[in-house]
Amino acid sequence: MSKEVIEQPDFSTFHDPETITTIVSSHDQGWDSVFGVQQFPNRMERKVIPVNKGFYKQSVLVSVEPNTKVAKHSHHEPTFRLILEGAAIINGVEYKVGDWMVVPKDFPYDMETISGYRALVEYGAKCGSPQISAVTEL
24 MSKEVIEQPD FSTFHDPETI TTIVSSHDQG WDSVFGVQQF PNRMERKVIP VNKGFYKQSV
84 LVSVEPNTKV AKHSHHEPTF RLILEGAAII NGVEYKVGDW MVVPKDFPYD METISGYRAL
144 VEYGAKCGSP QISAVTEL
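In structure tokens form, the structure reads like this:
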């Protein structure tokens, strides 16, 4: 039985969350074509998240109820967010199941959701330290 050799991605092209200056996300470009990973048609799909994850120390599962708005705020460290269920609108851009984004340190953003959502959110040592002024109903 022969094994297919998979070429490793060039990790130097991955985003460094500590140096980005704007939101980087799965919406930005065709990451799947940039980083070839073995696929198994009709059985399993794999997608590369080209983010250097060495910075992140804590993973937090966040659940947000439907019809919720989180006021514009920022964190004193970059945050990584992967949408697991539902959908969220962050700075006017909708992110659905499987979408991810990295929000830079001290970058202001707001969030809202009609359907509610669950996300895996990763932080460094500060675990958020948000400057949230309000979480309200839409």
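Numbering (this note's numbering), first residue to last: 24 to 161.
For glycine and all other residues, C-beta sits at the position ideal for the given N, C-alpha and C.
This structure is a prediction, so every number in the text was calculated from the model and none was measured.
Exposure label - residue i; buried when at least 16 CB within 10 Å
i, result
"residue 103", "buried"
"residue 87", "buried"
"residue 98", "buried"
"residue 101", "buried"
"residue 147", "buried"
"residue 35", "exposed"
Cβ pair residue i, residue j closer than 8 angstroms
i, j, result
"residue 74", "residue 40", "yes"
"residue 43", "residue 120", "no"
"residue 122", "residue 50", "yes"
"residue 160", "residue 90", "yes"
Element boundaries [beta strand (DSSP E), containing residue i]
i, result
"residue 81", "81-87"
"residue 71", "Here residue 71 belongs to no beta strand (DSSP E), and DSSP marks it neither H nor E."
"residue 160", "158-160"
C-alpha distance - residue i paired with residue j, whole-angstrom precision
i, j, result
"residue 113", "residue 136", "9 angstroms"
"residue 115", "residue 107", "19 angstroms"
"residue 62", "residue 110", "26 angstroms"
(message) List, from N- to C-terminal side, the beta strand (DSSP E) runs of 3 residues or more that fit wholly inside the stretch 74-146.
(response) 81-87, 91-96, 102-113, 116-119, 123-126, 132-136, 140-146
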